[in-house]
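If you read the sequence shown in numbering that gives the first Met the number 0, its first letter stands for residue 0, the second for the next number, and so on.
Yeah, the Cβ is synthetic: ideal placement off N, Cα and C, and Gly gets one too.
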Amino acid sequence: MPSRKKTTMFASAFLTCACSFVTICVVLGSQHWMSSKVRFSGTNSSTTVSLTYGLFSGTCEQLVDAGLQVSESTFKVADNLKSIEAKGMITAIVVILVLSLLSSLLSSGFTCTNAVSNPYQTFLGPIGVYTWNSLCGILILLAMILFPVSIEAKNLSVELARGCFPFLQTHTESTHAYGYSYWLMLLILFQNIASIFIIYLYDHARYSKKKQQDRPIENAPKDVILF
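Structure below.
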């Protein structure tokens, strides 16, 4: 059976890993990644399309010059994207988040196992927790980079607006605001860092204790050691 200190430390790390897993689920399932206002100019008037969307679905609203609402509808992101590059970018982000979800699940399993037992395999101990939490953090950071690239470089909001209202003409300007679903990924990063830090504290304390136990033998007189 593990010591009380080990159980407490790994149980705390398990809690942060479990919170990370739940947060990734929320990020994947919610549609508040981005809110955009995309303006188009026509022959006699201009139109503004207001969009709020996530990785799978969203809502769009069309406004004319005076701010009068013309129509509002929901859409599927995959259906509105026509370019292969934009579709590939969104698909890549989804795959990355699914992989981070699996990493978080494995990290939760490793911390739970160490909280209730002493695994014989080295990789099932702190090393495994470091590995899976680090991988999860790297994947989340990659998703946080790719999504703004899809907005700015691939004009994702413009393409989604045209998918909602195909008759729109010349795009003039766009404004973007990242929603809470996107910023929750920062929380996931902090949760992974917290898990690594907790296990590091335990690992460092264990190493220091072992070193102190070995020190009396190193400092003992030779005749005592021979005896």
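Residues in its own chain within less than 8 Å of residue i by CB, not counting five upstream and five downstream?
i, result
"L194", "Checking the sequence, you will find Ser at residue 194 rather than Leu. Answer for S194: A12, T15, C16, S19, S106, T110, V128, N132, listed in chain order."
"D78", "G162"
"S149", "A85, M88, I89, I92, L155"
Please go through the same chain and pick out, in chain order, the residues whose beta-carbon is closer than 6 Å to the beta-carbon of residue i, but skip the five residues on each side of it.
i, result
"A10", "A114"
"S70", "Q61"
"Y181", "W32"
"T58", "T51, T73"
Do residue i and residue j have their CB atoms nearer than 7 Å?
i, j, result
"L54", "V93", "yes"
"T130", "R38", "no"
"M88", "K4", "no"
"L40", "S173", "In the sequence under discussion, the amino acid at residue 40 is Ser, which differs from the Leu named in the question. Not closer than 7 Å, so no."
"I198", "P125", "yes"
"S99", "L138", "yes"
"I187", "L141", "no"
"L183", "T22", "yes"
From the DSSP output, in three-state form, read off residue i for me.
i, result
"V157", "helix"
"Q61", "strand"
"T47", "strand"
"T42", "coil"
"F109", "helix"
"K81", "coil"
"S2", "coil"
"F164", "coil"
"H231", "The structure shown does not extend to residue 231, since the chain is modelled only from 0 to 226, so the question has no answer here."
"F55", "coil"
So the candidates are the options; which of them puts its Cα closest to the Cα of residue i?
i, options, result
"Q30", "R38, S56, N43", "S56"
"Y52", "L134, L27, L185", "L27"
"N43", "H203, C24, Q168", "Q168"
"L227", "P118, V21, G136, A176", "The structure shown does not extend to residue 227, since the chain is modelled only from 0 to 226, so the question has no answer here."
"Y179", "I126, M143, T6", "M143"
"A160", "P147, E151, V48, M8", "V48"
"F74", "V21, C24, S99, F164", "F164"
"L101", "F122, H203, L134, N117", "L134"
"A176", "E151, F196, G108", "E151"
### Query
Taking one C-beta from the stretch 83-90 and one from the stretch 179-194 each time, how about it: are there three or more such pairs within less than 8 Å?
no
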